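Colleague:
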Amino acid sequence: MRGPLVRITSVLVAGTSLLAAPAMHPAATAAAKGDSAKGDSAKGDLGTDLDAILADGRLKGATVGAVVRDARTGAVRYSRGATAPVMPASNMKLYTSGAALSLLGPGYRFRTGVYARAVSGSSVKGDLYLKGTGDPTTRAADYDRLAARVAARGIRRVEGDLVADDTWFDAVRTPSHWDPTDLQYYYAAQTSALTVAPNDDFDAGSVEVSVKPGGAEGAPVAVGLAPATGTVKIDNRAVTGRPGTPSTLAVNRANGTDTIVVSGSHPAGAAPYTTLRTVENPSLYAADVFRSALRAHGVQVKGATERGRTPKRAAALAARSSMPLSRLMVPFLKLSNNMVAETLVKAIGREKAGKGSWTAGLPVVERYARGQGVPAARLEMADGSGLSRKNRTTAQDVGTLLRKAQDAPWFGTWYRALPVAGDPDRLDGGTLRSRMVSTPAAGNVHAKTGTLTGASALSGYVTDPSGRRLVFSVVLNGYQGAAPKDIEDRVAIRLAGGDPSAVRTFRVSGNAPQVECSWIGRC
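In the working numbering, the protein residues as written are 31 to 553.
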């Protein structure tokens, strides 16, 4: 499983006109003069070199969008198919994150509260309400702390029901155009105003399933859930295999059900196997985790757990605020977290249009993009994460967004939250941690990745050998074979002043998942 959120690396301000701009790469020691399309003296013409990289046979018949611009002046250094409509995959998160920082603000926090209409002595007379506003960072330990605060008020009994209030957002939990085969996997979880994150990556709306071999060959395996919940059922059909045999475990949840089926075998003596699966009803899942925490702190709920709305006159008994949006940007962008993206779209809709929905939030994000110079006719947002295959933009417009972002007061926060090429720290390098290692692009390129079947993208910032910062976007659609990440890397390495021919050709078997590496633990 992935490790916890650990730190944000500081970046010094240096050498640009931007108040919040990050420092240039150490290799950039001389100021640029003029606006030449040439690279350093050891390289050929930039256009010729990039044309050669993009002439790869895998791109025959593909849609190639590529643009390189001077980050300060905006001068175009290279352009190829830059206005062609392309599916951006997770590069769509550049639009969502920029809009969120601008419209919600870096200090924006989600709030989760516990409410009651009447408390008498040690009892809540009536229902107890757990109300969320979309916080994707709330873990079981946070619900435990909320329960402890309720108990600290002397409350020992709730006479009514525990009501899960997820009405801050609408009841549409999943875009209808998402691939239904994705919906059991954590990167396609349901978006709810009340949810649980099973880990410090904030993969909200999922539960961790752990499988351990039984005591003897042929015995049933042991299956556990974290956090523990009664809203998800386990149908355990798996057995313990002979020591040393391959594991054939399969863990599946059919859409529309709350049952996870575990089948196959897991060899005796093997290490536990863990994976994430989405839940069918994230708000009741959250309420169930909270109810267990109340019980652990000596607070008994007499009634049932159900969904509902908090009355206007209910009084707050306990509350929790999330980390600020500026900190949430790190796991969001570094790990390409889809659920954070979709939550932010609904939060924007709620704040700016009065309704927490995709239909309210997406037009607001598109309006933000228009304000940054992106033509309305060239941006089609079907979701905030890029998981939808209906999203469309252009490489030129992604480049425009990146360049314009440099003027924003939150730019330093955003820049540091982008994945960094070749940085081995998972919460620094993110989806680029194993790419462009030991090249001039390592530690230099800050860029957002994107991967879906037939769509691959890399867009961000790089400092060239003369010290000039460049904005670049490469979006590839309809290529042959697996996602050609090596082609994107060659472009970025060339821009950084390195030798792109040193990058090995990326080859993956045809049945490999075509998604972001962070979604399948391969970064």
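A virtual CB, placed ideally from N, CA and C, is assigned to each residue, including glycine.
Treat the numbers as computed from the prediction; the structure is a model and nothing was measured.
Candidates Val319, Val309, Asp195: which alpha carbon is nearest Arg638's?
Modeller: The shown model of the chain, from 31 to 553, leaves out residue 638, and the question about it has no answer.
Colleague: Could you give the residue range of the alpha helix (DSSP H) that holds Glu372?
Modeller: Position 342 of the sequence shown, counted from the first residue, corresponds to residue 372. Where Glu372 is concerned, the enclosing alpha helix (DSSP H) stretches over 368–383.
Colleague: Give the DSSP-derived three-state secondary structure of Ser496 in the structure shown.
Modeller: Within the sequence shown, numbered from 1, the residue matching residue 496 stands at position 466. Of the three classes helix, strand and coil, the one that applies to Ser496 here is coil, per DSSP.
Colleague: Give the straight-line distance between the Cα atoms of Ala471 and Arg524, rounded to the nearest whole angstrom.
Modeller: As a position in the sequence shown, residue 471 is number 441, starting the count at 1. As a position in the sequence shown, residue 524 is number 494, starting the count at 1. Answer to the nearest angstrom: the Cα atoms are 8 Å apart.
Colleague: Does DSSP put Arg175 in a helix, a strand or coil?
Modeller: Locating residue 175 in the sequence shown gives position 145, counting from the first residue. Correct three-state label for Arg175: helix.
Colleague: Could you have a look at Pro393 and say whether DSSP puts it in helix, strand or coil?
Modeller: The sequence position of residue 393 within the sequence shown is 363, counting from 1. Reduced to three states, the DSSP call for Pro393 is helix.
Colleague: On the three-state DSSP scale, how would you describe Gly330?
Modeller: Residue 330 sits at position 300 when you count from the first residue of the sequence shown. The identity of residue 330 in the sequence shown is Gln, whereas the question assumes Gly. Reduced to three states, the DSSP call for Gln330 is strand.
Colleague: How long is the line joining the alpha carbons of Gly188 and Tyr159, rounded to whole angstroms?
Modeller: As a position in the sequence shown, residue 188 is number 158, starting the count at 1. As a position in the sequence shown, residue 159 is number 129, starting the count at 1. Looking at the sequence provided, one finds Val at residue 188 rather than Gly. Spanning the two alpha carbons is a distance of roughly 10 Å.
Colleague: Which class does Thr168 belong to by DSSP, given the choice of helix, strand or coil?
Modeller: On the sequence shown, residue 168 is found 138 positions in, with the first residue counted as 1. Looking at Thr168 - three-state DSSP - the assignment turns out to be coil, as it is neither helix nor strand.
Colleague: Looking only at its chain, what residues have a beta carbon closer than 8 Å to the beta carbon of Asp86, apart from the 5 residues adjacent to it on each side?
Modeller: Here residue 86 is taken as the residue at index 56 of the sequence shown, counted from 1. The answer, listed in chain order, is Pro514, Ile517.
Colleague: Would you decide whether Ala61 is buried or exposed? Buried here means 16 or more other CB atoms lie within 10 Å of its CB.
Modeller: Here residue 61 is taken as the residue at index 31 of the sequence shown, counted from 1. Annotation note: pLDDT 29 at Ala61 (below 50); position unreliable, no value reported.
Colleague: Going by CA-CA distance only, name the one from Pro228, Asp519, Glu546, His296 that's closest to Arg534.
Modeller: As a working note, residue 534 is residue 504 in the sequence shown. When only C-alpha atoms are compared, the closest one is Asp519.
Colleague: Hey, Tyr173 and Lys161: beta-carbon distance below 8 Å or not?
Modeller: Taking the sequence shown and counting its residues from 1, the one referred to as residue 173 is at position 143. Taking the sequence shown and counting its residues from 1, the one referred to as residue 161 is at position 131. For Tyr173 and Lys161, no; Cβs fall outside 8 Å.
Colleague: Beta carbon of Ala256, beta carbon of Ser240: below 8 Å?
Modeller: Start at 1 with the first residue of the sequence shown, and residue 256 comes out as number 226. Start at 1 with the first residue of the sequence shown, and residue 240 comes out as number 210. Against a cut-off of 8 Å, the Cβ pair of Ser240 and Ala256 comes out as a contact.
Colleague: Excluding the 5 residues preceding and the 5 following Val106 in the sequence, name in chain order all residues of the same chain whose CB lies nearer than 6 Å to its CB.
Modeller: Along the sequence shown, one-based indexing puts residue 106 at 76. Result list for Val106: Arg99, in chain order.
Colleague: Tell me whether Pro250 sits in a helix, a strand or coil according to DSSP, three-state version.
Modeller: Stepping through the sequence shown from its first residue, residue 250 is reached at position 220. Strand.
Colleague: Measure the CB-CB distance between Val14 and Gly429 and report whether it falls below 8 Å.
Modeller: Any question about residue 14 goes unanswered here, given that the chain covers just 31 to 553.
Colleague: When burial is assigned at 16 or more other CB atoms within 10 Å of the CB, is Asp65 buried or exposed?
Modeller: Taking the sequence shown and counting its residues from 1, the one referred to as residue 65 is at position 35. Annotation note: pLDDT 33 at Asp65 (below 50); position unreliable, no value reported.
Colleague: Near Val504, what residues of its chain come up, given a Cβ to Cβ distance below 6 Å and the 5 sequence neighbours on each side ignored?
Modeller: On the sequence shown, position 474 is the one that residue 504 refers to. These residues qualify, in order along the chain: Ala96, Leu488, Glu518, Val521.
Colleague: Please report how far the alpha carbon of Gly135 lies from the alpha carbon of Leu355, in whole angstroms.
Modeller: Mapped onto the sequence shown, residue 135 falls at position 105. Mapped onto the sequence shown, residue 355 falls at position 325. Spanning the two alpha carbons is a distance of roughly 7 Å.
Colleague: Can you grab the Cα-Cα spacing for the pair Trp388 / Ala425, in whole Å?
Modeller: Taking the sequence shown and counting its residues from 1, the one referred to as residue 388 is at position 358. Taking the sequence shown and counting its residues from 1, the one referred to as residue 425 is at position 395. Rounded to whole angstroms, Trp388 to Ala425 spans 24 Å at the Cα level.
Colleague: Who are the near neighbours of Trp198 in its chain, counting only those whose CB is closer than 7 Å to its CB and skipping five residues on each side?
Modeller: On the sequence shown, position 168 is the one that residue 198 refers to. Closer than 7 Å at the Cβ level, and outside the excluded window around Trp198, lie Gly162, Thr163, Gly164, Ala223, Arg380, Gly386.
Colleague: Taking C-beta to C-beta, are Leu342 and Ser120 nearer than 8 Å?
Modeller: For the purposes of this step, residue 342 is identified with residue 312 of the sequence shown, where counting begins at 1. For the purposes of this step, residue 120 is identified with residue 90 of the sequence shown, where counting begins at 1. In the sequence as presented, Leu is not what sits at residue 342; that position holds Lys. Against a cut-off of 8 Å, the Cβ pair of Ser120 and Lys342 comes out as no contact.
Colleague: Looking at the secondary structure, which residues open and close the beta strand (DSSP E) in which Val309 lies?
Modeller: The sequence position of residue 309 within the sequence shown is 279, counting from 1. Per DSSP, Val309 belongs to no beta strand (DSSP E) and is neither H nor E.
Colleague: Ignoring anything shorter than 3 residues or poking outside the stretch 93–154, list the beta strand (DSSP E) runs there in chain order.
Modeller: Correct list: 93–100, 106–110, 141–146.
Colleague: Report all residues from its chain with a CB closer than 8 Å to the CB of Met353; omit the five preceding and five following residues, and keep chain order.
Modeller: Start at 1 with the first residue of the sequence shown, and residue 353 comes out as number 323. Excluding sequence neighbours, Met353 sits near Arg139, Thr167.
Colleague: Do Ala181 and His296 have their C-beta atoms closer together than 8 Å?
Modeller: One-based indexing of the sequence shown puts residue 181 at position 151. One-based indexing of the sequence shown puts residue 296 at position 266. In this structure, His296 does not lie closer than 8 Å to Ala181 by Cβ.
Colleague: Can you have a look at Ile378 and say buried or exposed, based on whether 16 or more other CB atoms are within 10 angstroms of its CB?
Modeller: Residue numbering aside, residue 378 sits at position 348 when the sequence shown is read from its first letter. Ile378 should be labelled buried.
Colleague: How many whole angstroms separate the CB atoms of Leu431 and Ala451, which I take to be in contact at a CB cut-off of 8 Å?
Modeller: Start at 1 with the first residue of the sequence shown, and residue 431 comes out as number 401. Start at 1 with the first residue of the sequence shown, and residue 451 comes out as number 421. Not a contact, Cβ separation roughly 20 Å.
Colleague: If distances are taken between C-alpha atoms only, which option among Glu410, Arg433, Asp212 comes closest to Gly286?
Modeller: Locating residue 286 in the sequence shown gives position 256, where the first residue counts as 1. Ranking Glu410, Arg433, Asp212 by Cα distance to Gly286 puts Asp212 first.
Colleague: For Ala406, which residues from the same chain have a beta carbon less than 8 Å from its beta carbon, with the 5 sequence-adjacent residues on both sides left out?
Modeller: On the sequence shown, position 376 is the one that residue 406 refers to. Within the same chain, Ala406 has close Cβ partners Glu396, Arg400.
Colleague: Let's test the definition: count the other Cβ atoms within 10 Å of the Cβ of Arg433 and tell me whether it reaches 16, buried, or not, exposed.
Modeller: Within the sequence shown, the letter at position 403 stands for residue 433. When all chains shown are included, Arg433 counts as buried.
Colleague: If the criterion is Cβ atoms closer than 8 Å, does the pair Tyr125 and Trp549 meet it?
Modeller: The residue you call residue 125 lines up with position 95 of the sequence shown. The residue you call residue 549 lines up with position 519 of the sequence shown. Not closer than 8 Å, so no.
Colleague: Residues in the same chain with beta-carbon distance under 6 Å from Ser293, minus the five sequence neighbours each way, listed in chain order, please.
Modeller: The count along the sequence shown starts at 1 and reaches residue 293 at position 263. Answer for Ser293: Arg267, Ala268, Ala280, listed in chain order.
Colleague: Just reading off the beta strand (DSSP E) that Leu158 is part of, what are its end residues?
Modeller: In the sequence shown, residue 158 corresponds to position 128, counting from 1. 158–161 is the span of the beta strand (DSSP E), which, as asked, contains Leu158.
Colleague: Can you find the residues in the same chain that come closer than 6 Å, C-beta to C-beta, to Thr225, ignoring five residues on each side of it along the sequence?
Modeller: Numbered from its first residue, the sequence shown carries residue 225 at position 195. Cβ neighbours of Thr225 beyond the five flanking positions: Ala234, Gly235, Pro312, Ala316.
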